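Under the numbering used here, think of the first position of the sequence shown as 16, with each following residue one higher.
Backbone N, C-alpha and C define an ideal beta-carbon position, used for all residues, glycine too.
Treat the numbers as computed from the prediction; the structure is a model and nothing was measured.
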Amino acid sequence: MKHLLGICDLKAQDIEKILDHAQMYAEGLTNGSYDAEKHKGKIILHLFFENSTRTLTSFEMAAKRLGAEVINWNRETSSLKKGESFMDTIDTLNAMRPDAVVLRHSEYGAPNYIAKRMDCPVINGGDSWREHPTQALLDALTMRQHFGKLAGLTVAIVGDIAHSRVASSNMGLLTKMGANVRVIAPLELMPEKLAAEGVDKFTDLNEGLSGADVVMSIRPQKERMDKVLIHDAAYFNDYGLTHERLAHAKKEAIVLDPGPFIRGLQISDELAEDKTRFLYAPQVANGIPTRMAVLDLLLEG
Ligand code: CP
């Protein structure tokens with residue numbers, strides 16, 4: 016693996032290897048049994064063209080937990096503001112020889128484009144609605160820790176399927192790993208063609224939740240809509256997750272959300288506060304060992 020550009024480039028055995036490595040780091044972070052200086056002297060460059068809380072911070076913590084240093088390049092203070100092109104910016108930064116680059120960008124395929132121009136590993140931190148591979152990997156790690164497996168799980172992804180890179184990467188990963196995947200969305204937020212084969216579509220929330228082990232909520236991605244496609248009150252009424260709605264899934268079903276999640280739109284306050292069902296905190300925490308694993312595997316070559 017030279018880069019991590021999308022789940023679409025990975026085979027099931029690659030995913031298994033990354034998850035095993037991430038699990039090793041998850042345990043290492045708990046008991047201190049890992050090499051905290053493994054990548055001392057390396058410099059990771061973060062190029063975030065879109066806002067981020069979870070991905071940016073956990074990549075930074077992951078790099079530092081491995082002894083590497085991080086540079087958070089800032090679009091607002093960069094020479095893009097003086098008219099330098101994206102391509103020349105990438106070539107300029109490549110000339111400084113970073114050891115790895117993490118890119119988040121609104122353009123479809125931007126990480127694939129820069130991977131052709133850079134001499135170091137490129138990691139996709141989320142591009143447009145196409146892919147967010149490390150998010151899908153950390154989601155899978157969370158499911159695997161909870162259920163001990165991915166194969167055979169029924170995972171219902173609820174929300175803005177049309178505009179979500181997280182939904183796309185999760186559909187790709189989970190179907191490769193043998194899970195049964197469903198998407199649930201209003202017609203306005205349901206794409207005609209899905210990112211993976213063998214995924215079932217539902218427009219009715221209760222029907223889609225029936226028998227699910229995992230319910231993954233996906234925020235309406237308003238920043239990628241050019242007009243209002245569905246009003247908030249109607250969305251919560253038909254697709255908002257509550258304990259009552261969750262009762263249609265399996266008794267022991269868990270709820271995940273890649274974040275940011277919006278209370279009163281995607282999920283009720285009561286369910287968001289129920290740490291036995293809504294495993295958001297362990298999911299976020301898994302961002303660090305997952306990104307340590309990806310960085311480690313790529314930096315080792
Ligand atoms: N899940 C996720 O990508 O969150 P951020 O946008 O905060 O990085």
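Asked                                                                                                   : Found
DSSP-derived helix/strand/coil call for H120                                                            : strand
Any heavy atom of ligand 3 within less than 7 Å of residue CB: hits in chain order                      : The model on display carries ligand 1 but not ligand 3.
Where M231 falls: helix, strand or coil (DSSP)                                                          : strand
Buried/exposed call for Q298, threshold 16 Cβ in 10 Å                                                   : buried
Within 8 Å, strictly: CB atoms of M186 and A210                                                         : yes
Cβ neighbours of A41 in the same chain (closer than 6 Å, five flanking residues each side left out)     : P304
Span of the beta strand (DSSP E), counted from its first residue to its last, around D142               : 137-142
Classification of M133 by the beta-carbon crowding that lies within 10 angstroms, buried from 16 upward : buried
Which of helix, strand or coil DSSP assigns to T257                                                     : coil
Residue environment, G311, which counts as buried when at least 16 other CB atoms sit within 10 Å       : For the sequence presented, residue 311 should be read as Asp rather than Gly. The residue is buried, with at least 16 neighbouring Cβ atoms inside 10 Å.
CA-to-CA distance, Q150 to L294, given in whole angstroms                                               : 15 Å
Within the region 34-64, ranges of the beta strand (DSSP E) (whole runs, at least 3 residues)           : 58-63
Buried versus exposed, by CB contacts within 10 Å (16 or more), D272                                    : buried
Opposing strand residues paired with I199 [DSSP bridges]                                                : V173, F217
Stretch pair the region 273-283 + the region 220-235: three plus CB contacts closer than 8 Å            : yes
Three-state class that DSSP yields for N301 in the structure shown                                      : coil
CB contact check: K290 to chain D, cutoff 8 Å                                                           : Although the question refers to chain D, the structure presented lacks it and comprises just one protein chain.
Whether K17 touches P136 by CB criterion (8 Å)                                                          : yes
Per-residue burial, S179 [other beta carbons within 10 Å of its own, 16 or more giving buried]          : buried
Test item: CB-CB of H120 and I86 under 8 Å                                                              : no
I33 versus V309 - alpha carbon distance                                                                 : 7 Å
Run of the alpha helix (DSSP H) containing I129, from where it starts to where it stops                 : 125-132
Proximal residues to I58 (C-beta, below 8 Å), its chain only, five neighbours per side dropped          : A83, E84, V85, I86, P113, D114
N- and C-terminal bounds of the alpha helix (DSSP H) containing V181                                    : 180-191
Cβ neighbour criterion (16 or more within 10 Å) applied to V170                                         : buried
Residue nearest to Y49 in terms of C-alpha spacing, selected from K26, D175, R80                        : R80
Proximity winner among K53, F162, E212, relative to A227 (alpha-carbon distances)                       : F162
Alpha-carbon spacing of S143 relative to E238, whole angstroms                                          : 10 Å
Identity of the residue in E315, L313, G302 nearest D154 by Cα                                          : G302
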